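Engineer:
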Amino acid sequence: MKFQGTDNYVATADLMLSVNAAIALQRPLLVKGEPGTGKTMLAEEVAQSLGLPLLQWHIKSTTKAQQGLYEYDAVNRLRDSQLNTADSAARVQDIRNYIVQGVLWQAFTADAPVALLIDEIDKADIEFPNDLLREIDRMEFYCYETRELIKAKHRPLVFITSNNEKELPDAFLRRCFFHYIKFPEPDTMKRIVEVHFPGLKDELLTAAMKTFYDIRGLPGLKKKPSTSELIDWLKLLMAEDIPPAALHSADSKVAVPPLVGALLKNEQDTTLFEKLVFMNQRNR
Ligand SMILES: Nc1ncnc2c1ncn2[C@@H]1O[C@H](COP(=O)(O)OP(=O)(O)OP(=O)(O)O)[C@@H](O)[C@H]1O
Ligand SMILES: [Mg+2]
Numbered sequence: 016m017k018f019q020g021t022d023n024y025v026a027t028a029d030l031m032l033s034v035n036a037a038i039a040l041q042r043p044l045l046v047k048g049e050p051g052t053g054k055t056m057l058a059e060e061v062a063q064s065l066g067l068p069l070l071q072w073h074i075k076s077t078t079k080a081q082q083g084l085y086e087y088d089a090v091n092r093l094r095d096s097q098l099n100t101a102d103s104a105a106r107v108q109d110i111r112n113y114i115v116q117g118v119l120w121q122a123f124t125a126d127a128p129v130a131l132l133i134d135e136i137d138k139a140d141i142e143f144p145n146d147l148l149r150e151i152d153r154m155e156f157y158c159y160e161t162r163e164l165i166k167a168k169h170r171p172l173v174f175i176t177s178n179n180e181k182e183l184p185d186a187f188l189r190r191c192f193f194h195y196i197k198f199p200e201p202d203t204m205k206r207i208v209e210v211h212f213p214g215l216k217d218e219l220l221t222a223a224m225k226t227f228y229d230i231r232g233l234p235g236l237k238k239k240p241s242t243s244e245l246i247d248w249l250k251l252l253m254a255e256d257i258p259p260a261a262l263h264s265a266d267s268k269v270a271v272p273p274l275v276g277a278l279l280k281n282e283q284d285t286t287l288f289e290k291l292v293f294m295n296q297r298n299r
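All the letters of the sequence shown, read from the start, carry residue numbers 16 to 299 under my numbering.
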């Protein structure tokens, strides 16, 4: 099993190295990086290119580790016990009918190896990663209701993504292989855009990329636009048939580009940008 990038996803050499290192070590790959730099997509693409089914677990602030293992549906069991039909009486006898399997359970008991994505682990509370230490390390957990040990038949290939909203505990980090997706260099970015818009006119691409990196370089931006925003913006520019010349002024100083709402996402940033453009124009 070796990951070498896909037709839909541009992976830099160091990213491929990290993915393959995690595969070789059989440890989860912890991926960090700015929003929109392809962390979630990486898991989807690696799974697809290795031919593994992908189980996804999207973490929210209310997600508990136990939900990834299993949940005991006591309410349903109580209802069945009150129904008094032969069918429900038979069901109530076996507690396994009320165990709802979580993604980890499914991943552990799958007949063939699978990939597992734990997306945005930093959204959960601080105990969440600690509660999964043993499961991730030993790839097993105990179901108290049915008194059985659920042990992975095959070690799943685990991807964990984080936007760095919370620090992860050291004990958790020890069990992972870490990769930070650096913001793509212009060359890599060109390849990414090419994947999304094959045959895009070079002139438009160059002009758009210049404006994009200029905006990213503005000091004091609250939210820098990222890969996915550039792609959205290019899509709009093409749909509206905007000429490359409209993206910057004749003397190649900053101008407010059309559809800037695809790149700047809050009023402080747009105001900052407009001020800069205004100052630039006065200095001409
Ligand atoms: N290396 C890449 N190759 C191709 N497309 C990419 C790449 N990186 C980012 N993209 C584009 O950016 C979009 C966003 O990627 P994705 O959702 O994986 O980002 P993310 O890092 O998970 O962001 P978030 O932290 O907000 O969840 C993708 O749908 C894809 O269109
Ligand atoms: Mg994501």
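We put the CB at the ideal spot given by N, CA and C, even for glycine.
Quick caveat, the model's predicted, so the values are computed rather than measured.
Determine the extent of the alpha helix (DSSP H) in which residue 19 is found, giving its start and end residues.
Structural biologist: Element bounds for residue 19: n/a, residue is neither H nor E.
Engineer: Straight-line CA distance for residue 74 to residue 136?
Structural biologist: 6 Å
Engineer: Is the stretch 221–235 in contact with the stretch 57–74, if contact means three or more CB pairs nearer than 8 Å?
Structural biologist: Judged by Cβ distances under 8 Å, the stretch 221–235 makes no contact with the stretch 57–74, as fewer than three pairs qualify.
Engineer: If I follow the unbroken beta strand (DSSP E) through residue 163, where does it start and stop?
Structural biologist: 163–166
Engineer: Under 7 Å from any heavy atom of ligand 2, does the C-beta of residue 78 make it?
Structural biologist: no
Engineer: Can you check DSSP and say which residues form a bridge with residue 177?
Structural biologist: 47
Engineer: For residue 174, which residues in the same chain have their Cβ closer than 6 Å to its Cβ, ignoring the five residues on either side in sequence?
Structural biologist: 44, 58, 132
Engineer: Taking 8 Å as the cut-off, decide whether the C-beta atoms of residue 143 and residue 78 are in contact.
Structural biologist: yes
Engineer: How far does the beta strand (DSSP E) with residue 41 in it extend, from its first residue to its last?
Structural biologist: That residue, residue 41, is in no beta strand (DSSP E); it is neither H nor E in DSSP.
Engineer: If you compare alpha carbons, which of 279, 214, 217 is closest to residue 245?
Structural biologist: 279
Engineer: Assuming residue 24 contacts residue 48 under a Cβ cut-off of 8 Å, what Cβ separation, rounded to an integer in Å, is found between them?
Structural biologist: Not confirmed; about 14 Å, so no contact.
Engineer: On the DSSP letters alone, give me the boundaries of the alpha helix (DSSP H) that residue 252 sits inside.
Structural biologist: 242–254
Engineer: Report yes if the CB atom of residue 113 is closer than 8 Å to the CB atom of residue 146, and no otherwise.
Structural biologist: no
Engineer: For residue 120 versus residue 85, is the C-beta distance shorter than 8 Å?
Structural biologist: yes
Engineer: Can you tell me whether residue 207 sits near ligand 1, meaning its C-beta is under 7 Å from at least one heavy atom of the ligand?
Structural biologist: yes
Engineer: Starting from residue 228, trace the alpha helix (DSSP H) in both directions and tell me its first and last residue.
Structural biologist: 217–232
Engineer: Any residue with its C-beta under 6 Å from a non-hydrogen atom of ligand 2 counts. Can you list them all in chain order?
Structural biologist: Qualifying residues come out as 54, 55, 134, 176.
Engineer: In angstroms with no decimal places, state the Cα-to-Cα distance between residue 248 and residue 200.
Structural biologist: 18 Å
Engineer: Threshold first: 3 residues or longer. Then list the beta strand (DSSP E) segments lying entirely within the stretch 45–115, N to C.
Structural biologist: 69–73, 85–87
Engineer: For residue 162 and residue 172, I'd like the C-alpha separation in whole angstroms.
Structural biologist: One C-alpha to the other measures close to 27 Å.
Engineer: Three-state secondary structure (DSSP) at residue 211?
Structural biologist: helix
Engineer: Excluding the 5 residues preceding and the 5 following residue 210 in the sequence, name in chain order all residues of the same chain whose CB lies nearer than 8 Å to its CB.
Structural biologist: Around residue 210: 22, 23, 24, 25.
Engineer: Quick one: measure Cβ to Cβ for residue 30 and residue 196, integer angstroms, because I've assumed they're closer than 8 Å.
Structural biologist: About 7 Å separates the two Cβ atoms, so the contact holds.
Engineer: When you compare only the Cα positions, how much space is there between residue 242 and residue 202?
Structural biologist: Between the C-alpha atoms of residue 242 and residue 202 there is a straight-line separation of about 13 Å.
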